[in-house]
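Worksheet: one structure, shown below.
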Amino acid sequence: MAETSEGMFPPPHRSRLSAIAYRKLTSKIELSAPNVPGFLRLPLELRLDVYYLIKDLVSLLSLTHTCRTTYTDINNRKSLLTSVYHHYTMYHTDYRRSSDSHPLLPRDAVPLTIPLLANSKLSNISISDRFRGPIDVQKKSRENIGRNFNRIFGQNDEERRLDKKGWWCCLCCVKIRRTTSFPFYRSNMVERGRDLNYCLYCSAAHF
Numbered sequence: 001m002a003e004t005s006e007g008m009f010p011p012p013h014r015s016r017l018s019a020i021a022y023r024k025l026t027s028k029i030e031l032s033a034p035n036v037p038g039f040l041r042l043p044l045e046l047r048l049d050v051y052y053l054i055k056d057l058v059s060l061l062s063l064t065h066t067c068r069t070t071y072t073d074i075n076n077r078k079s080l081l082t083s084v085y086h087h088y089t090m091y092h093t094d095y096r097r098s099s100d101s102h103p104l105l106p107r108d109a110v111p112l113t114i115p116l117l118a119n120s121k122l123s124n125i126s127i128s129d130r131f132r133g134p135i136d137v138q139k140k141s142r143e144n145i146g147r148n149f150n151r152i153f154g155q156n157d158e159e160r161r162l163d164k165k166g167w168w169c170c171l172c173c174v175k176i177r178r179t180t181s182f183p184f185y186r187s188n189m190v191e192r193g194r195d196l197n198y199c200l201y202c203s204a205a206h207f
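According to UniProt numbering, the sequence shown is numbered sequentially starting from 1.
Structure (structure tokens):
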């Protein structure tokens with residue numbers, strides 16, 4: 001059977017039952033492929049134990065982009081996302097019904113995406129009651145979350161100037177915003193005296 005853009009097999013009719021069957025089929029095909037990493041060969045229960053050790057939602061988001069198995073493992077566990085990011089809820093986004101016809105997720109699932117996290121303070125992921133330390137250490141942890149997001153999902157300088165719909169994470173408030181919310185877009189990268197990784201709101205408050 002010819003390979004399609006959605007995988008080795010075309011998706012069946014997108015009812016809830018067929019979505020579950022399709023997810024199981026593609027997962028078995030993926031895990032039976034040669035050179036599959038050892039982590040993916042672990043039982044689901046052990047993989048979930050590893051996911052629950054991750055307290056950085058950006059890292060979980062990155063993992064969902066690696067393969068179908070990690071995508072379905074993470075996005076099918078609302079308790080996992082809630083344990084890491086206590087603001088996570090299926091009502092948090094306007095597009096929560098977009099997964100009704102998703103070929104890999106059940107009807108009530110809300111996949112972890114960048115727009116879902118936009119304008120939410122990501123520092124709550126790592127800087128919480130689970131972690132207490134000196135202020136400089138906390139600041140460095142928050143910045144690392146933002147830098148990690150920008151390195152994986154951000155754009156280079158030229159792309160940021162041209163794309164109004166791009167995403168960037170402020171290293172001050174640690175919120176993901178559109179590139180138009182940063183001085184590097186409005187000043188054409190010649191802004192002086194400002195940290196170009198700070199959004200306009202933080203930049204106005206600090207400079």
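For every residue, glycine included, the Cβ atom is placed at its ideal position computed from N, Cα and C. These figures come from a predicted structure and were not determined experimentally.
- Apart from sequence neighbours up to five positions away, the residues of its chain that approach Ile74 with a beta-carbon distance below 7 Å are Tyr51, Leu60, Leu63, Thr64, Leu80 and Leu112, ordered along the chain.
- If the five residues before and after Tyr71 are omitted, its C-beta is found closer than 6 Å to the C-beta atoms of Thr64, all from its own chain and listed in chain order.
- For Ile54, there is no enclosing beta strand (DSSP E), as DSSP gives it neither H nor E.
- 8 Å or more divides the Cβ of Trp167 from the Cβ of Gly146.
- In the structure shown, Cys169 adopts extended strand secondary structure according to DSSP, grouped into three states.
- Distance check between Ile114 and each of Asn150, Ser203, Leu171 and Phe182 places Asn150 closest, using alpha-carbon atoms only.
- If you draw a straight line from the Cα of Thr66 to the Cα of Pro106, it comes to about 20 Å.
- DSSP places Arg147 in the helix class (H, G or I) of the three-state scheme.
- About 7 Å separates the CB atoms of Arg68 and Leu104; that is less than 8 Å, so the two are in contact.
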